[in-house]
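Colleague: In the numbering used here, the protein residues as written are 256 to 642.
Structure in structure tokens, see below.
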Amino acid sequence: MKRNALLIFAVITIVVIGAAALVVYQRAPQTEIEKAVLFPELLPNINDVARVEIREKNEGITLTRKGDAWVLESGGGYPALFEKVKTTVVSIAKLRVLEGKTKNPGLYSKLGVEGIDDKNSRSILITLQDQAGNTIASIIIGKERVVRTGIGPASLYVRKPDAVQALLVEGDLDIAATVTSWVNPDIVNIASDRVREVIIEHPDGNRVDISRASTKEKAYTLADIPEGAKLTSQVTLNSMATALEDFRLEDVKAKGNPSTENSRTTTVKTFDGLVAMITTTKVGDKAYSTFSFAFDPSAVMADEGGDHERSNEEGQETEAANEEQQQIKLKKKEEVQEEVVALNKALSDWVFAIPDFKADILTKKLGDLVKSENQEAKSESLILPKQ
256 MKRNALLIFA
266 VITIVVIGAA
276 ALVVYQRAPQ
286 TEIEKAVLFP
296 ELLPNINDVA
306 RVEIREKNEG
316 ITLTRKGDAW
326 VLESGGGYPA
336 LFEKVKTTVV
346 SIAKLRVLEG
356 KTKNPGLYSK
366 LGVEGIDDKN
376 SRSILITLQD
386 QAGNTIASII
396 IGKERVVRTG
406 IGPASLYVRK
416 PDAVQALLVE
426 GDLDIAATVT
436 SWVNPDIVNI
446 ASDRVREVII
456 EHPDGNRVDI
466 SRASTKEKAY
476 TLADIPEGAK
486 LTSQVTLNSM
496 ATALEDFRLE
506 DVKAKGNPST
516 ENSRTTTVKT
526 FDGLVAMITT
536 TKVGDKAYST
546 FSFAFDPSAV
556 MADEGGDHER
566 SNEEGQETEA
576 ANEEQQQIKL
586 KKKEEVQEEV
596 VALNKALSDW
606 VFAIPDFKAD
616 ILTKKLGDLV
626 KSENQEAKSE
636 SLILPKQ
């Protein structure tokens with residue numbers, strides 16, 4: 256009997272608990288139960304998105320769909336990262352409301368949803384439109400919610416531009432109104448060990464010319480050092496060969512008819528025949544460069560001279576080996592010609608805002624690389640103690 260009574264009691268307890276849970280479920284806010292999708296019409300119509308505007312207080316970019324690709328409209332149609340745009344649009348489509356937050360505009364800034372027109376705004380406004388310019392979704396993105404326990408899904412505060420109430424939504428958005436967030440910033444990478452010569456020409460006639468005879472020589476030689484002057488730093492001179500190494504853009508626009516006033520022309524020649532011509536112009540406190548590339552067969556230099564002589568001395572060179580070397584050189588020339596075509600296709604139609612340290616290399620003057628012996632003597636007199 257006692258056992259049966261305990262079983263009956265247990266069943267009653269389970270029923271009561273279940274009923275209580277049902278009541279709580281029924282009384283709970285619908286958004287907490289269903290995690291309602293923030294933009295229910297977006298996901299089924301996601302392929303209709305043809306334009307994405309991202310705005311911050313002082314910056315803004317626009318991306319548009321062009322066929323099967325995305326381009327930077329504000330950058331004159333420069334190719335954008337398809338996967339980045341796709342991931343962003345899908346992430347917005349999957350945002351789910353966790354709970355409503357403040358309706359008080361005075362508290363928006365605490366959540367970062369105050370809107371981009373606010374003088375202290377730190378929010379981001381992103382708008383998705385279709386081909387006709389109709390808005391499909393628009394959202395002000397605020398701060399991420401910090402979960403103290405470190406457990407739980409990613410969430411952030413948002414607000415629809417025409418809504419009063421801020422919301423906490425489940426989701427993760429990595430969005431910024433900067434060009435480098437939406438395009439591949441790496442535009443050219445010509446390793447310094449390929450570089451044979453760098454020539455910089457200034458509009459006032461100032462000219463810098465550094466070169467080396469082979470890749471076996473690590474140090475470059477500066478041409479036309481004025482009489483009574485000497486090289487300031489061999490390290491600085493050698494660093495000029497890195498002019499096109501790991502070159503990244505900071506901004507981009509379509510090439511128009513930019514002023515060439517005060518432009519510097521830099522020519523970089525490699526041992527394998529690639530010739531790069533860069534025109535750099537300073538506009539305000541920012542430097543902009545254009546690029547063009549060519550292949551010069553006459554500039555191809557056989558850098559195997561030392562090995563060739565050693566082979567002759569050792570009597571190991573054969574006609575077959577010589578033929579193999581010729582085939583290798585021919586293949587290399589073909590590769591460089593293909594490289595030139597690819598670089599021109601990717602870069603020739605654009606003007607790039609470039610990092611300051613790259614602009615410094617591309618616009619060196621002779622006076623930046625040498626100093627007179629009188630200057631050196633004067634510098635030493637300031638350092639050395641009087642006798």
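Glycine included, every Cβ here is placed at the ideal spot set by N, Cα and C.
Which of the three DSSP states, helix, strand or coil, is assigned to THR545?
Modeller: Looking at THR545 - three-state DSSP - the assignment turns out to be strand.
Colleague: Going by CA-CA distance only, name the one from ASN599, ALA474, ASP479, ASP385 that's closest to GLN644.
Modeller: This structure leaves residue 644 out entirely; the chain is present only between 256 and 642.
Colleague: Here's the rule I'm using: 16 or more other beta-carbon atoms within 10 Å means buried, otherwise exposed. How should ILE391 be labelled?
Modeller: Classification of ILE391: buried, given that the 10 Å Cβ count is 16 or more.
Colleague: Please name the residue or residues paired with TYR333 in a DSSP beta bridge.
Modeller: Paired residues: LEU327.
Colleague: Near ARG320, what residues of its chain come up, given a Cβ to Cβ distance below 6 angstroms and the 5 sequence neighbours on each side ignored?
Modeller: Closer than 6 angstroms at the Cβ level, and outside the excluded window around ARG320, lie ALA305.
Colleague: Would you check if there are 3 or more beta carbon pairs closer than 8 angstroms linking the stretch 365 to 375 to the stretch 290 to 306?
Modeller: No: the two stretches stay apart, fewer than three of their Cβ pairs being nearer than 8 angstroms.
Colleague: Please report the straight-line C-alpha distance between GLY331 and ILE396, rounded to a whole angstrom.
Modeller: Cα to Cα, GLY331 sits roughly 26 angstroms from ILE396.
Colleague: GLY511 by DSSP, collapsed to three states: which one?
Modeller: DSSP places GLY511 in coil when its eight states are reduced to three.
Colleague: Pull up the distance between the alpha-carbon of VAL279 and that of SER436, whole angstroms please.
Modeller: Confidence at VAL279 is low in this model, with a pLDDT of 38, below 50, so the placement of that residue should be treated as unreliable; the coordinate-derived value is given next. In a straight line, the C-alpha of VAL279 is about 45 angstroms away from that of SER436.
Colleague: Within the continuous alpha helix (DSSP H) that includes ASP441, where are the two ends?
Modeller: Looking at the DSSP string, ASP441 is not in any alpha helix (DSSP H); the run it does join, the beta strand (DSSP E), is 441 to 443.
Colleague: So is GLY322 buried or exposed if we call it buried at 16+ other beta carbons inside 10 Å?
Modeller: So GLY322 counts as exposed.
Colleague: Under 8 angstroms, do THR618 and ARG519 count as touching if we go by C-beta distance?
Modeller: Yes, these two residues count as a Cβ contact at 8 angstroms.
Colleague: Classify THR535: buried if its beta carbon has 16 or more other beta carbons within 10 angstroms, exposed otherwise.
Modeller: The residue in question, THR535, is buried, as its Cβ has 16 or more Cβ neighbours within 10 Å.
Colleague: Could you tell me whether the stretch 594 to 606 touches the stretch 466 to 485, where touching means 3 or more Cβ pairs closer than 8 angstroms?
Modeller: As far as the Cβ criterion goes, the stretch 594 to 606 does not touch the stretch 466 to 485, which means the pair count is below three.
Colleague: Under a three-way DSSP split, which group does GLU354 fall into?
Modeller: Strand.
Colleague: Terminal residues of the continuous alpha helix (DSSP H) containing PHE612?
Modeller: Unbroken alpha helix (DSSP H) run through PHE612: 611 to 617.
Colleague: Straight-line CA distance for ASN461 to ILE316?
Modeller: Rounded to whole angstroms, ASN461 to ILE316 spans 39 angstroms at the Cα level.
Colleague: Buried or exposed: where does ASP551 fall if 16 or more other Cβ atoms within 10 Å of its Cβ makes it buried?
Modeller: Answer is exposed; the Cβ neighbour count stays below 16.
Colleague: Return the first residue and the last residue of the alpha helix (DSSP H) that TYR363 is part of.
Modeller: Segment 363 to 366, the alpha helix (DSSP H) holding TYR363.
Colleague: Between the Cα of GLU399 and those of ILE379, LYS508, LEU477, spot the shortest distance and give me the residue it belongs to.
Modeller: Closest by alpha carbon: ILE379.
Colleague: Flag this pair as touching only if the stretch 410 to 426 and the stretch 334 to 352 have three or more C-beta atom pairs under 8 angstroms; answer yes or no.
Modeller: Segments in contact, yes.
Colleague: Name the residue from ILE430, LYS358, ILE609 whose alpha carbon lies nearest to the alpha carbon of GLU314.
Modeller: Looking at the Cα atoms, ILE430 is the closest of the given residues.
Colleague: Start and end of the beta strand (DSSP E) containing GLN384?
Modeller: Where GLN384 is concerned, the enclosing beta strand (DSSP E) stretches over 379 to 384.
Colleague: Sorted by chain position, which residues of the same chain lie with C-beta nearer than 7 angstroms to ILE402's C-beta, five sequence neighbours on each side aside?
Modeller: A small fix is needed here, since residue 402 is Val in this sequence, not Ile. Correct list: empty, nothing qualifies.
Colleague: Can you find the residues in the same chain that come closer than 8 angstroms, C-beta to C-beta, to LEU492, ignoring five residues on each side of it along the sequence?
Modeller: Excluding residues within five positions, the ones whose Cβ falls inside 8 angstroms are ILE465, ALA474, TYR475, LEU477, LEU486, LEU624.
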